[in-house]
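Note that my numbering has the first sequence beginning at 608, numbered continuously upward.
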Amino acid sequence: MSETLEIKETKSSDFIREIIDNDNETGKHAGRVATRFPPEPNGYLHIGHAKSICLNFGIAKQYGGTCNLRFDDTNPCKEDTEYVDSIMSDVRWLGFDWQDRMYYASDYFEKLYNYAVELIKLGKAYVCDLNAEQIREYRGTLTEPGKNSPYRDRSVEENLDLFQRMRNGEFPDGTRVLRAKIDMASSNMNMRDPAVYRIRHAHHHRTGDKWCIYPMYDFAHCLSDSIEAITHSICTLEFEIHRPLYDWYLDVLKVKDHPQQIEFARLNLTYTVMSKRKLLQLVTEKHVTGWDDPRMPTISGMRRRGYTSEAIRKFCELIGVAKADSTVDVSLLEHCIREDLNRRSQRVMGVLRPIKLVIDNYPEGKTEELDAINNPEDSDAGYRKVTFSRELYIDSEDFMEEPPKGFYRMSPGKEVRLKAAYYVTCTDVVKDGQDNITEIHCTYDPETKGGTSNDGRKVKGTLHWVNASDCIDAEVRLYGPLFKSVNPSAVEDFLTDINPCSLQVLKNCKLEKSMAGGQAGYTVQFERLGYFCVDQDSSDDKLVMNRTLPLKDTWAKVSQKS
RNA sequence: UGAGGCGUAGCCAAGUGGUAAGGCAUCGGUCUUUGGAUCCGACAUUCCCUGGUUCGAAUCCAGGCGCCUCAGCCA
């Protein structure tokens, strides 16, 4: 018996964990496991980052190791403290804790400078006076080797002097660059004397104007990993070709800790743009209200839309980690959200497109308090009271005067159940001059209180409803996918791909009175309609709900077929 | 056309010489006071292709084909 339990609890392994297991067996890092999540603070975190966060923190937890949060802030032009704040809050919300291990690459600027000086002394770096365009010409192409810079053979002394003067601010941007002296004929373009430091007279979000030279990613990243004694530096596939350079810097500088870079495939999702550049464009050009717009694939957007961190973590676990490029179907994400929300969310009745329902044989002025179950998936969730009276609202989509076959909600002469209340039968409709239905009339069977008949009579449809006199008015925002294309990253002009119908605002929606005072972030399931989350824009006199996800609508499929 | 990676179902993904896990999606059916959820069932004679080795190949070998990444003083 315990055997099956163990099998059930076995963690799914992946190739990264295999590498770590192997390292632990051979004692490569003395059994230590240290990872890091290293975002550049130049935008908000999105669902793609969640995969990396879950991976890095998950591995650290599994092996009893540590995971650092490190801001890779080596390019002052793009970075901002607004982004570091949002990143910290999103990582926490996802449920991960870096404890006291929060670092910045900019913390290491002095050390990195000294490493660069060391490189020069070793004869492995030189100051190059070529401009950007010339460097590109000298670099050669994928099929032709590059040629050496005329400045490649400067003396160590001259290089040291020039590099010091670069730091002192004696040269304008773009006039000189420190380069690693490797091999201009390398088949790997990254090894053709890559830049190590560039001049940028720019204000840095943390170091201010202290520096006017900044290290490049390849130089700063491997050394930051080494300084923090990271054992496994996990990154995405596009850095695979940088690994020889990662190792070159660490080998040449003979550092004590030499982490291993491991690459995995980044997350792509159908119908979802993950490019930070494009997401930034959506924000700055105001196609969305901000980084946390519920249509955005950002962590904060998803949170505002009512996605839970548990569900996002589950998703990251299910998609797996491999080296093959892949595009996960967004239906898997939605499945994870539904599974979680179905288990935990309060059921509430809501009417998006209200139409008056009058029960003619129900006494005027009478009201009843009926018990409605809070969550059939959770036996501890209990019941709540809903008021019932002669005048109610139902959703206009739940009534058809001439129903097609297969429709089993309300239509003239057909008996249906009002959830948790009574069986009712439509007797009449009232119309205005334009043939629009303004009111539906019905009769109820007093013997069916609670929604069951004691003569065993069954009913096919169950409608949700709210009491007309004490329901809550709300604005409901229906969010669809922001993008229509299956793979928007492949679309050159992605803005043409934004779905203009992706946000539909419904005013005058009616919710049952239990929704009064709902706090932002409170997620419920409106019976039959989907999952909804109280938006942060809600106030005491205006309830704003975001639709997290619709329920799977089987009726829609039935009607499509016929 | 250089180098480095990667090809298992509609989408992810296990599998590492012993006869193709699992999840999503889809399609049936059951149940239901949500047309949701639940439950039950179906869904790769074959792993990019072609040869070879072997009693036996998705796994090993050879040769093809396809896709991704790299020519920033971005990360």
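Backbone N, C-alpha and C fix where the C-beta goes; we use that ideal spot for every residue, glycine too.
These numbers were taken from a predicted model, which means no experiment stands behind them.
Would you kindly check if the distance between the Cβ of residue j and the Cβ of residue i is under 9 Å?
i       : j       : result
ASP1142 : PRO901  : yes
ALA988  : ILE980  : yes
GLY655  : LEU876  : yes
LYS1120 : ASP1077 : yes
SER1249 : THR843  : Beyond the ends of the chain as shown, which are 608 and 1169, falls residue 1249; an answer cannot be given.
LEU1136 : GLY957  : yes
MET1152 : SER1146 : no
LEU652  : SER693  : yes
THR838  : GLY672  : yes
ASP800  : LYS817  : no
ALA1028 : VAL993  : yes
CYS1130 : LEU948  : This sequence places Thr at residue 1130; Cys is not what is there. In this structure, LEU948 lies closer than 9 Å to THR1130 by Cβ.
TRP1162 : SER916  : no
ARG624  : LEU676  : no
ILE575  : SER840  : Given a span of 608 to 1169 for the chain in the structure shown, any question on residue 575 remains unanswerable.
MET773  : TYR804  : yes
PHE778  : TRP705  : no
LYS930  : PHE1014 : no
Rank the options by C-alpha distance to the C-alpha of residue i and give the top, closest one.
i       : options                           : result
TYR750  : ASN1106, TYR1029, SER794          : At residue 750 the sequence reads Thr, which differs from the Tyr that was named. Closest by alpha carbon: SER794.
HIS865  : LEU886, THR974, GLN1041, SER831   : SER831
THR642  : GLY1063, HIS653, CYS674           : CYS674
ILE820  : VAL1151, ASP780, LEU999           : ASP780
GLY913  : ARG945, VAL1073, LEU767           : ARG945
ASP932  : LYS992, GLU941, GLU845            : GLU845
LYS883  : PHE1014, LYS863, PRO646, VAL1037  : PRO646
CYS943  : VAL928, ARG920, LYS930, THR814    : ARG920
LEU1118 : GLU1134, ALA1127, THR1103         : GLU1134
SER1109 : ASN1061, THR1155, ALA723, MET1122 : THR1155
Between which two residues does the alpha helix (DSSP H) holding residue i run?
i       : result
TYR856  : 850-859
ILE919  : 916-926
ALA667  : 654-669
ASP1039 : First-last for ASP1039: undefined, no H or E at that position.
PHE622  : 622-633
GLU689  : 688-700
TYR593  : Here the chain covers residues 608 to 1169 and nothing more, so residue 593 does not appear.
MET956  : It is not in any alpha helix (DSSP H) - MET956 carries neither H nor E in the DSSP assignment.
VAL890  : 883-891
ILE906  : 906-912
PHE770  : 763-775
LYS1168 : 1161-1168
Spatial neighbours of residue i within its chain, please: CB distance less than 8 Å, with the 5 preceding and 5 following residues excluded, ordered by chain position.
i       : result
SER1018 : PHE1006, MET1007, GLU1008, GLU1009, PRO1010, CYS1033
ASN797  : ASP825, ILE848, HIS849, PRO851, LEU852
LYS973  : SER996, ARG997
ASP985  : ARG950, ARG951
By Cβ distance, which residues of its chain are closer than 6 Å to residue i, with the 5 residues on each side in sequence left out?
i       : result
THR611  : Any reading at THR611 needs caution, since the residue's pLDDT is 30, under 50, leaving its predicted position unreliable; the model's value is listed next. There are no such residues.
GLN1111 : LEU1085
CYS1116 : LEU959, ALA1081, VAL1083
VAL691  : PRO648, PHE678
GLY1125 : VAL1141
PRO904  : HIS653, ILE654, THR879
SER620  : none
List the endpoints of the continuous beta strand (DSSP E) containing residue i.
i       : result
ARG807  : From DSSP, ARG807 is part of no beta strand (DSSP E); its letter is neither H nor E.
TYR720  : Here TYR720 belongs to no beta strand (DSSP E); instead the alpha helix (DSSP H) covers 716-728.
GLU998  : 998-1002
SER840  : 839-843
CYS1140 : 1137-1141
MET1007 : Where MET1007 is concerned, there is no enclosing beta strand (DSSP E), given that its DSSP letter is neither H nor E.
ARG1024 : 1022-1025
ALA787  : 784-787
VAL1151 : 1150-1157
TYR1086 : 1079-1086
For residue i, collect the residues of the same chain with a Cβ closer than 7 Å to its Cβ; drop the 5 residues on either side in sequence, then sort them by chain order.
i       : result
TYR990  : ASP978, ALA979, ILE980, ASN981
PHE703  : ILE660, PHE664
GLU765  : none
SER752  : First, the amino acid is wrong: residue 752 is Pro here, not Ser. Answer for PRO752: MET791, ALA792, listed in chain order.
ILE1105 : HIS894, LEU1089, PHE1090
ARG873  : GLY655, THR843, LEU844
Should the segment 784-802 be regarded as contacting the segment 723-738, the criterion being three or more beta carbon pairs within less than 8 Å? With the cut-off at 8 Å, the segment 784-802 and the segment 723-738 touch.
Counting beta carbon pairs with one atom in the segment 843-860 and one in the segment 715-734, are three or more of them shorter than 8 Å? Counting C-beta pairs closer than 8 Å gives three or more between the segment 715-734 and the segment 843-860, which meets the contact rule.
May I ask you to verify whether the segment 1019-1030 touches the segment 1057-1068, counting CB pairs closer than 8 Å and requiring at least 3? Because the criterion of three Cβ pairs below 8 Å is met, the segment 1019-1030 and the segment 1057-1068 touch.
Does the segment 1033-1047 come into contact with the segment 954-972, if we say contact requires no fewer than three beta-carbon pairs (one atom in each stretch) closer than 8 Å? When C-beta atoms of the segment 1033-1047 are compared with those of the segment 954-972, three or more pairs fall below 8 Å, so the two segments count as touching.
Count the C-beta pairs between the segment 917-937 and the segment 966-974 that are closer than 8 Å, then say yes if the count reaches three, no if not. No contact exists between the segment 917-937 and the segment 966-974.
Is it a yes or a no for the segment 826-840 touching the segment 706-725, going by three-plus beta-carbon pairs under 8 Å? Short answer: they touch.
Cβ contact (3+ pairs, closer than 8 Å) linking the segment 883-901 and the segment 946-956: No, the segment 883-901 does not touch the segment 946-956.
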